[in-house]
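Engineer: Can you keep this structure in mind? I'll have questions shortly.
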Amino acid sequence: MMMAYGLFIILGAVVLMILEQPEENLLVQEVRDLKAIFLTENPCVEESSLDSLLMNVLSASKRGVAALKSDSVECNFDFTSSLFFVITFLTTTGYGTTVPLSDEGRLFCVVYCLVGIPFTMLLLSCLTRALLPRVTHTPIQNLQVFWGLSRNHAALLHCSVLAFCTATLFFLLPAGVLCLLENHWSYLESLYFCFISLSTTGLGDYLPGRTQSQAGRQVLELATSCYLMLGLIVLLVVLESFWELQQVQAILHFFSGPTWLGELKGVGLDELVLSGDMAGPEEEPHYTLPISTISPTFSDSPATPTVELPPNVDMPPMATSKEKVSPSLRPNSSPGLH
Numbered sequence: 003m004m005m006a007y008g009l010f011i012i013l014g015a016v017v018l019m020i021l022e023q024p025e026e027n028l029l030v031q032e033v034r035d036l037k038a039i040f041l042t043e044n045p046c047v048e049e050s051s052l053d054s055l056l057m058n059v060l061s062a063s064k065r066g067v068a069a070l071k072s073d074s075v076e077c078n079f080d081f082t083s084s085l086f087f088v089i090t091f092l093t094t095t096g097y098g099t100t101v102p103l104s105d106e107g108r109l110f111c112v113v114y115c116l117v118g119i120p121f122t123m124l125l126l127s128c129l130t131r132a133l134l135p136r137v138t139h140t141p142i143q144n145l146q147v148f149w150g151l152s153r154n155h156a157a158l159l160h161c162s163v164l165a166f167c168t169a170t171l172f173f174l175l176p177a178g179v180l181c182l183l184e185n186h187w188s189y190l191e192s193l194y195f196c197f198i199s200l201s202t203t204g205l206g207d208y209l210p211g212r213t214q215s216q217a218g219r220q221v222l223e224l225a226t227s228c229y230l231m232l233g234l235i236v237l238l239v240v241l242e243s244f245w246e247l248q249q250v251q252a253i254l255h256f257f258s259g260p261t262w263l264g265e266l267k268g269v270g271l272d273e274l275v276l277s278g279d280m281a282g283p284e285e286e287p288h289y290t291l292p293i294s295t296i297s298p299t300f301s302d303s304p305a306t307p308t309v310e311l312p313p314n315v316d317m318p319p320m321a322t323s324k325e326k327v328s329p330s331l332r333p334n335s336s337p338g339l340h
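Those letters in the sequence shown? Residues 3 to 340, by the working numbering.
The structure is reproduced here in structure tokens:
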């Protein structure tokens with residue numbers, strides 16, 4: 003398992019290197035050409051002074067201060083922006099475009115998140131557990147009862163519909179709305195933002211509302227905050243639903259190796275099959291109760307059969323000793339019968 007995950011990481015690094023390195027080289031060359039053209043057109047500007055100015059501007063930009071806007075001042079810590087920062091911080095999304103500027107703010111963020119992040123994870127987990135029976139278990143049972151499907155087929159059908167609805171409502175449609183609101187974003191860039199946000203990656207290269215007015219930016223930040231909280235709850239429910247599929251548990255059992263012991267989500271290892279309908283019908287145990295057991299009594303006298311009856315059979319007692327057996331019932335021990 004660890005080896006497969008390591009190979010997966012290496013593959014991702016290699017693919018990114020092949021795709022992004024040419025683009026990075028082109029961008030670096032473009033910036034250097036622009037700098038050279040500026041210095042040529044403005045010979046009175048020293049290169050060291052220009053480098054110092056660019057470093058200060060870039061440092062301020064990383065801390066959320068835009069130095070290129072002269073018509074309006076962007077406020078990153080009004081109430082709406084602070085609420086947006088807190089939600090992105092507690093959900094571990096953290097776009098990185100807004101950061102605390104003071105030492106007191108940084109210390110508060112450390113203490114606040116030590117309590118807030120576990121509290122947020124606990125809240126999301128409780129909401130997921132509360133919604134799972136209504137969103138997943140009940141529909142699966144209804145598919146079994148009304149459609150006559152097996153549990154495995156019902157779970158597969160329900161998870162497919164749930165995944166389709168989630169992808170449509172929380173990825174495809176929001177990406178279309180962002181594409182309309184942010185004119186400089188393509189649909190792919192909007193979809194990329196939705197995925198980066200709900201996966202709690204939050205790279206911060208795209209953030210809605212930065213080109214809008216102050217009021218428009220606040221509305222988009224509030225909408226994004228609600229989108230993050232609701233989307234994370236829905237995604238956790240979907241993941242829990244897929245986790246309960248027998249196919250998923252069988253894959254986990256396959257990668258875990260033969261030493262996997264115990265049960266996964268209440269399903270025994272003998273039930274982890276790729277399809278619940280592929281297994282043969284379960285054999286019901288057959289319980290048989292012996293009517294009687296005949297055992298000989300060993301003594302010096304000729305063998306006399308003894309009848310042992312089950313305790314729940316009411317019959318008159320029968321004599322088992324030779325003193326109480328009538329002569330007509332005794333076996334004939336004459337030599338002629340042997």
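Where a beta carbon is used, it is the ideal one built from N, C-alpha and C, also for glycine.
If you reduce the DSSP assignment to three classes, tell me which class residue 155 lands in.
Structural biologist: Residue 155 falls in the helix class under three-state DSSP.
Engineer: For residue 58 and residue 108, I'd like the C-alpha separation in whole angstroms.
Structural biologist: Answer to the nearest angstrom: the Cα atoms are 21 Å apart.
Engineer: By alpha-carbon positions, which one of 205, 120, 233, 98 ends up nearest to residue 354?
Structural biologist: This structure cannot settle anything about residue 354, because the visible part of the chain is limited to 3 through 340.
Engineer: My parser needs the alpha helix (DSSP H) runs of 4 or more residues fully inside the segment 95–158; what are they?
Structural biologist: For the segment 95–158, whole alpha helix (DSSP H) runs of length 4 or above, ordered along the chain, are 105–134, 140–149.
Engineer: Does DSSP put residue 209 in a helix, in a strand, or in coil?
Structural biologist: DSSP places residue 209 in coil when its eight states are reduced to three.
Engineer: Identify which residue in 219, 253, 160 has its Cα closest to the Cα of residue 184.
Structural biologist: The option with the nearest alpha carbon to residue 184 is 219.
Engineer: With three or more C-beta pairs closer than 8 Å as the rule, is the segment 124–133 touching the segment 100–116?
Structural biologist: No: fewer than three Cβ pairs fall under 8 Å.
Engineer: Leaving out five residues before and five after residue 3 in sequence, what residues of the same chain have Cβ atoms less than 7 Å from its Cβ?
Structural biologist: Taken in chain order, the residues that qualify are 257, 258.
Engineer: Can you give me the start and stop residues for the alpha helix (DSSP H) that residue 24 sits inside?
Structural biologist: Its alpha helix (DSSP H) spans residues 4–43.
Engineer: What span of residues does the alpha helix (DSSP H) with residue 67 cover, start to end?
Structural biologist: Per DSSP, residue 67 belongs to no alpha helix (DSSP H) and is neither H nor E.
Engineer: How is the alpha helix (DSSP H) around residue 186 delimited, first residue to last?
Structural biologist: Taken as a continuous stretch (DSSP letters only), residue 186 belongs to no alpha helix (DSSP H), as it is neither H nor E.
Engineer: Quick check: the Cα distance between residue 169 and residue 161, rounded to an integer number of angstroms?
Structural biologist: If you take the alpha carbons of residue 169 and residue 161, they lie about 12 Å apart.
Engineer: On the CB-based measure, 16 or more other CB atoms within 10 Å of its CB, does residue 187 come out buried or exposed?
Structural biologist: That one is buried.
Engineer: Write down the C-beta distance between residue 198 and residue 205 rounded to the nearest angstrom, noting that I regard them as a contact closer than 8 Å.
Structural biologist: Correct: roughly 6 Å between the Cβ atoms.
Engineer: Consult DSSP for residue 53 and reduce its assignment to one of helix, strand or coil.
Structural biologist: Reduced to three states, the DSSP call for residue 53 is helix.
Engineer: On the criterion of 16 or more Cβ atoms from any shown chain inside 10 Å, does residue 180 qualify as buried, or is it exposed?
Structural biologist: It counts as buried.
Engineer: Taking the Cβ atom as the reference point for each residue, do residue 100 and residue 230 lie within a distance shorter than 8 Å?
Structural biologist: Against a cut-off of 8 Å, the Cβ pair of residue 230 and residue 100 comes out as no contact.
Engineer: Would you kindly check if the distance between the Cβ of residue 227 and the Cβ of residue 400 is under 8 Å?
Structural biologist: There is simply no residue 400 to check, as the chain begins at 3 and stops at 340 in what is shown.
Engineer: How far does the alpha helix (DSSP H) with residue 223 in it reach, from first residue to last?
Structural biologist: Element bounds for residue 223: 216–245.
Engineer: In angstroms, rounded to a whole number, what distance separates the CA positions of residue 65 and residue 21?
Structural biologist: Distance between the alpha carbons of residue 65 and residue 21 is about 29 Å.
Engineer: Just curious, the alpha helix (DSSP H) that residue 91 is in, first and last residue?
Structural biologist: Residue 91 -> alpha helix (DSSP H) spans 81–92.
Engineer: Go to residue 257, then tell me how far its alpha helix (DSSP H) extends in each direction, as first and last residue.
Structural biologist: Taken as a continuous stretch (DSSP letters only), the alpha helix (DSSP H) holding residue 257 covers 248–258.
Engineer: Using only the alpha-carbon positions, how far apart do residue 60 and residue 164 sit?
Structural biologist: Straight-line Cα distance between these residues: approximately 44 Å.
Engineer: Considering only the beta carbon of each residue, do residue 211 and residue 200 sit closer than 8 Å?
Structural biologist: Contact flag unset, no.
Engineer: Counting C-beta neighbours from all protein chains within 10 Å, is the total for residue 217 16 or more, i.e. buried, or is it exposed?
Structural biologist: That one is exposed.
Engineer: Could you round the C-beta distance between residue 137 and residue 30 to whole angstroms and report it? I think they count as a contact, below 8 Å.
Structural biologist: The pair is not a contact, with the Cβ atoms about 49 Å apart (cut-off 8 Å).
Engineer: Tell me which residues share the same chain as residue 159 and place their Cβ nearer than 8 Å to its Cβ, disregarding the 5 neighbours each side in the sequence.
Structural biologist: So the list reads 145, 151, once near-sequence residues are dropped.
Engineer: So, for residue 40: in the same chain, excluding its five sequence neighbours on each side, which residues have a beta-carbon less than 8 Å away from its beta-carbon?
Structural biologist: So the qualifying residues of the chain are 47, 52.
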